[in-house]
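Trainee: Everything in the sequence shown is counted per this note's numbering, starting at 11 for the first residue and increasing by one. Next up is a structure, given as structure tokens.
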Amino acid sequence: MVLLFEGAVRFLERARLALESRDTAAFHHNLNRADAILDELLATLDLSQGEIASRLQGIYVFCKRQLADARLARDSAAVARVARWLRELGEAFDAASRTLRSETGAHAPGGAVRA
């Protein structure tokens, strides 16, 4: 899961840089890639797991809306904000995964934490 967040942030940074250099095609391509990762994060949520999954769903949908607005307005600051939020989420999942591994002595592959 952590890798998905890292990928989304990487594509958003590329989109922001493309917009600043007026490369519209690269801007849209990289936003599409980040949006696809958000779709994957949404698809893998297990909403039967309670409030955390439901809140994550709201965050992911909000991020998608922000990116849609950023695309229309060509707003690099909005892209940077979403990248920051996803970076923070990725760091939180990474920390949770490390804590889980240390407490259980088990290895959670790829930073896997079920939400």
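Beta carbons: idealized from backbone N, C-alpha and C, even for Gly. Bear in mind that the values here come from a model prediction, so they are computed numbers and not experimental data.
Is Gly-100 helix, strand or coil when you go by DSSP?
Mentor: Position 90 of the sequence shown, counting from 1, holds the residue named residue 100. DSSP places Gly-100 in helix when its eight states are reduced to three.
Trainee: According to DSSP, simplified to helix, strand and coil, what is Ser-107?
Mentor: The residue given as residue 107 occupies position 97 in the sequence shown. Correct three-state label for Ser-107: helix.
Trainee: Leu-14 to Leu-51, Cα distance in whole Å?
Mentor: Here residue 14 refers to the residue found at position 4 of the sequence shown. Here residue 51 refers to the residue found at position 41 of the sequence shown. So the alpha carbons of these two residues sit roughly 8 Å apart.
Trainee: Is the segment 20 to 33 in contact with the segment 100 to 107, if contact means three or more CB pairs nearer than 8 Å?
Mentor: Short answer: they don't touch.
Trainee: Does the beta-carbon of Ser-112 have 16 or more other beta-carbons within 10 angstroms, so that it is buried, or is it exposed?
Mentor: Here residue 112 corresponds to residue number 102 of the sequence shown, with the count starting at 1. So Ser-112 counts as exposed.
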